[in-house]
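Chemist: Quick note, this note's numbering runs 88 ahead of the 1-based positions in the sequence shown.
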Amino acid sequence: MSFVVKEEPAARPPEPKPKKIVDGGLLFLAAFTLASGLGVAWRFGAGRAWEIVLETGAFIAVLSPKIAAGLFIAGTLPMVLPRDRVAAWIGGESGWRGLVLGSVAGAAIPGGPMITFSLAAGFAAAGADLGAVIAFVSGWSLLSLNRLLIWELSFLPHDLVALRVLASLPFPLLIGWGVRVLVRRQTA
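#1: Given that a residue counts as buried once 16 or more other Cβ atoms are within 10 Å of its Cβ, and exposed if not, what is Trp239?
#2: Using the Cα positions of Gly113 and His246, report the straight-line distance between them to the nearest angstrom.
#3: Suppose contacts are defined by Cβ-Cβ distances below 8 Å. Is Gly210 in contact with Leu151 by that definition?
#4: Ile178 and Ala208 - do their beta-carbons sit closer together than 8 Å?
#5: What residue ranges within the region 208-234 form continuous alpha helix (DSSP H) runs of no fewer than 4 residues, ordered along the chain?
#6: Does the Cβ-Cβ distance between Ser226 and Phe205 come in under 8 Å?
#7: In chain order, which continuous runs of the alpha helix (DSSP H) of length 4 or greater are located wholly inside the region 121-194?
#8: Give the secondary structure of Gly199 by DSSP, where H, G and I count as helix, E and B as strand, and everything else as coil.
#9: DSSP three-state call for Leu117: helix, strand or coil?
#10: Does the beta-carbon distance from Val249 to Leu241 come in below 8 Å?
#11: May I ask you to report which of helix, strand or coil DSSP gives Asp111?
Structural data, given as structure tokens:
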């Protein structure tokens with residue numbers, strides 16, 4: 089008697105649902121934008137409204153490559169990070185260590201929201217739990233070393249900066265822990 093072992097192909101991730109380009113949120117935003125533009129044109133003249141349109145268009149042209157790179161990072165990060173390692177380090181069972189790592193990583197990440205939120209989305213897709221992701225974003229928002237070293241210490245008194253950092257230090261951990269508690273209550 090002989091046994092034949094069949095190799096099954098690796099399970100593919102589910103196909104993403106197609107996203108609507110035009111939805112209620114976009115329609116609301118478009119209507120609000122149009123109303124704001126008409127309000128500026130009525131109050132300050134059509135020339136000023138067109139100046140704002142051109143300034144905004146230039147800003148979008150500068151920002152678009154950064155957003156595209158951020159979306160690429162968010163989409164590819166889960167493919168290159170080993171899910172089991174990510175879950176062990178910053179997943180739901182990582183405890184306070186995962187929250188500390190998320191907070192410290194957030195504080196250490198240079199750059200703005202395009203980098204930070206893209207990395208946060210990528211970490212979440214790669215196996216990080218919501219508490220660690222929130223601790224990561226909160227660490228970036230409250231404890232950014234980049235902002236601290238370049239801006240705060242350059243312009244503010246050192247004792248004020250130290251007091252602000254000390255006051256902010258526990259919050260990324262507490263916020264991440266609170267999110268974990270809420271998620272566990274919802275899933276229980």
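All C-beta atoms in this analysis are idealised placements derived from N, C-alpha and C, irrespective of residue type, glycine included.
Note that this is a predicted model, so its numbers are computed, not measured.
Modeler: Let's see:
#1: One-based indexing of the sequence shown puts residue 239 at position 151. When all chains shown are included, Trp239 counts as exposed.
#2: What you label residue 113 is simply residue 25 of the sequence shown in a count that begins at 1. What you label residue 246 is simply residue 158 of the sequence shown in a count that begins at 1. Each residue's alpha carbon lies about 44 Å from the other.
#3: Looking up residue 210 in the sequence shown gives position 122. Looking up residue 151 in the sequence shown gives position 63. Contact: no.
#4: For the purposes of this step, residue 208 is identified with residue 120 of the sequence shown, where counting begins at 1. For the purposes of this step, residue 178 is identified with residue 90 of the sequence shown, where counting begins at 1. Going by C-beta atoms, Ala208 is not nearer than 8 Å to Ile178.
#5: Whole alpha helix (DSSP H) segments, 4+ residues: 218-231.
#6: Locating residue 226 in the sequence shown gives position 138, counting from the first residue. Locating residue 205 in the sequence shown gives position 117, counting from the first residue. With a cutoff of 8 Å on beta-carbon distance, Ser226 and Phe205 are scored as not near each other.
#7: Within the region 121-194, the complete alpha helix (DSSP H) segments of 4 residues or longer fall at 134-168 and 171-178, listed in chain order.
#8: Working through the sequence shown from its first residue, we reach residue 199 at position 111. Of the three classes helix, strand and coil, the one that applies to Gly199 here is coil, per DSSP.
#9: Taking the sequence shown and counting its residues from 1, one reaches residue 117 at position 29. Helix, per DSSP.
#10: Counting from one through the sequence shown, the residue named residue 249 turns up at place 161. Counting from one through the sequence shown, the residue named residue 241 turns up at place 153. One thing to note: Val249 has its Cβ within 8 Å of the Cβ of Leu241.
#11: Locating residue 111 in the sequence shown gives position 23, counting from the first residue. Asp111: coil per DSSP, three-state reduction.
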